[in-house]
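Residue numbers (UniProt numbering): 1 to 95. By construction, the Cβ of each residue, glycine as well, lies at the ideal position given by its N, Cα and C atoms. Small disclaimer: the values here were computed from a predicted structure and weren't measured.
Set out below in structure tokens:
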């Protein structure tokens, strides 16, 4: 028996999150949707800034590209995990 992959874990977390949001009443759903819009806007802004900085560094020194790409992917992955941690925390305590 193999351990679940990271993708499997993420998929299960998304299903669980979806179940939790389906149980919200209309007012709670509205609050949740509003909070999600704010969190997503923040995430997109941060991800865009980080990507832009990485791109600028590579433009200045193309030899950095091979080293920056995996680091950039890791940082963006961490940022996404933080986003969903905030979502889960908000579902637990914010509604």
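| Item | Value |
| --- | --- |
| What does the alpha-carbon distance come out to for the pair residue 39 and residue 23? | 21 Å |
| At a cut of 8 Å, does the segment 65-84 reach the segment 39-57 through at least three beta carbon pairs? | yes |
| Using DSSP with H/G/I as helix, E/B as strand and the rest coil, what is residue 27? | helix |
| Please report the distance separating the alpha-carbon of residue 36 from that of residue 58. | 32 Å |
| May I ask you to report which of helix, strand or coil DSSP gives residue 3? | coil |
| Would you mind reading off the limits of the alpha helix (DSSP H) that contains residue 96? | One cannot answer for residue 96 here, as it falls past the ends of the chain, which runs 1 to 95. |
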